[in-house]
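Asks:
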Amino acid sequence: MSWEEKVRKVEPYVPGEQPKFSDMVKLNTNECPYPPSPMVEQELKLINEQEFRLYPDNEASELVHALAAYYHTDSNRVFVGVGSDDVLAQVFLTFFTNGQPLLFPEITYSFYEVWANLYKIPYKKLPLTEDWHLDGFTNPADQVGGIIFANPNAPTGIYEPVSYVEEVVKAHPDCVVVADEAYVDFGGESALPLTEKYDNLLVVQTFSKSRAMAGMRIGFAIGNEKLISYLKAVKYSINSYTMNTTSIRLGLAAVRDDAYFKTIVGKIVETREWFKKEMAALGFTFPDSMTNFVFVRHNRVSGKELYELLRTQNIFVRHFNDPLIDDYLRITIGTREQMERLLDFLRVYLG
Ligand code: PMP
């Protein structure tokens, strides 16, 4: 066997591109268009040489305590990681490598399939309903290794009520159920309170969207103390110092400024609702989004054509090469001015 035949080969997740043009309108990776809290900038000025020279607090305790206080829970029910992608990768490794099939929606965050393949986890993709709601997860079934779904779902933007999450958990008491709430701050209600009632439910969230800190890579999970301790055991078997000190400190500053957080989320929601009306007037259809993006389709022009045209204008949106959704574009909600620039172009092109 050659060395190359002995190599582990995987198909990686492909994130949205990060172009760097000064006049671009970047609406392709669901980042926040506003800066993080001014308290984050102030905290950054206080970072000194020690933060670089010394190892970080391996438990990221200050951030964990702040999150626990913010969500009215105990610190031993909180797990933090380098973005929710890191948290989710460890969740897959800890809870889903039991040999039984993992269930996730057919249309969802495509990283789930990548992690399942990476860890050789068998899986079943459950088709959505005709109007793209989650389906089949509330049916009791034997031999389920785990369940994960995004709520609101991505890239559809559709939110399922907490009562639905509870039905899923009730139907599957014998496996871990993970609700990926990356976008929940933009209008959905979190299933976090249910983690007090069900010991097999884990809720995962991120600082990348609503807290304007994608570049700092901060994600977290909240759940029963036992779940969190299993997760930590796996995490500390890979890397003791997962988060860097700067991220821990700046994340802490962001959690403390709740008023600012609510203001920017409010602005994004307001822009989204206005943008939906403008897009409908241009002949676009879309599911009702509860996130910081809208998943749109035009009755005359294909998603790919629009994506490529917009690129020529330095306007970046996301298009997926999946036959189930390749008619669609996922457009992040930016500032009102950014959305106006997109709309101005579309009005001329489609008009
Ligand atoms: N879950 C979902 C549903 C997402 O869309 C994303 C963003 N790509 C993530 C998790 C990961 O976000 P991050 O690693 O930046 O926290």
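In terms of my numbering, the sequence shown is residues 10 to 360. Ideal Cβ placement from N, Cα and C applies to all residues, glycine included. These figures come from a predicted structure and were not determined experimentally.
Output the distance between the C-alpha atoms of V87 and N308, rounded to the nearest integer angstrom.
Replies: Cα-Cα distance, rounded: 45 Å.
Asks: Cβ of D331 versus every heavy atom of the ligand PMP: is any distance shorter than 7 Å?
Replies: The answer is no for D331.
Asks: Return yes when the Cβ of Y118 is within less than 8 Å of the Cβ of D189, no when it is not.
Replies: yes
Asks: For the alpha helix (DSSP H) containing Q59, name the first residue and the last one.
Replies: 58-62
Asks: Which residue or residues does DSSP assign as beta-bridge partners of R258?
Replies: Answer is none; R258 lacks a bridge partner.
Asks: Can you give me the Cβ contacts of Y132 inside the same chain, cut-off strictly under 6 Å, excluding the 5 residues immediately before and after it?
Replies: P110, L111, A125
Asks: F304 and Y358 - do their beta-carbons sit closer together than 8 Å?
Replies: Not in contact: Y358 and F304 (Cβ atoms no closer than 8 Å).
Asks: Say the cut is 7 Å; is the CB of D194 nearer than that to a heavy atom of the ligand HEM?
Replies: With respect to small molecules bound, the structure shown includes the ligand PMP and not the ligand HEM.
Asks: I want to check one thing, is the minimum distance from the CB of G92 to the heavy atoms of the ligand PMP below 7 Å?
Replies: yes
Asks: Regarding Y337 and the ligand PMP, is the C-beta to nearest heavy atom distance less than 7 Å?
Replies: Closer than 7 Å to some heavy atom of the ligand PMP: that does not describe the Cβ of Y337.
Asks: Using beta-carbon positions only, say whether N209 and P170 come within less than 8 Å of one another.
Replies: For N209 and P170, no; Cβs fall outside 8 Å.
Asks: State the start and end residues of the unbroken beta strand (DSSP E) segment that holds Q214.
Replies: 210-215
Asks: Does the stretch 141-158 come close enough to the stretch 101-108 to have 3 or more Cβ pairs within less than 8 Å?
Replies: yes
Asks: Given R339, which residues of its chain have a CB within under 6 Å of its CB, disregarding the five upstream and five downstream residues?
Replies: P164, F302, F304, R327
Asks: What are the boundary residues of the beta strand (DSSP E) that includes T321?
Replies: Note, T321: premise wrong, no beta strand (DSSP E); alpha helix (DSSP H) at 312-321.
Asks: Would you check if the stretch 252-264 and the stretch 71-78 touch, i.e. whether three or more CB-CB distances between them fall below 8 Å?
Replies: With three or more CB-CB distances shorter than 8 Å, the stretch 71-78 counts as touching the stretch 252-264.
Asks: Hey, how far is the Cα of F270 from the Cα of E176?
Replies: Rounded to whole angstroms, the gap between the alpha carbons of F270 and E176 is 31 Å.
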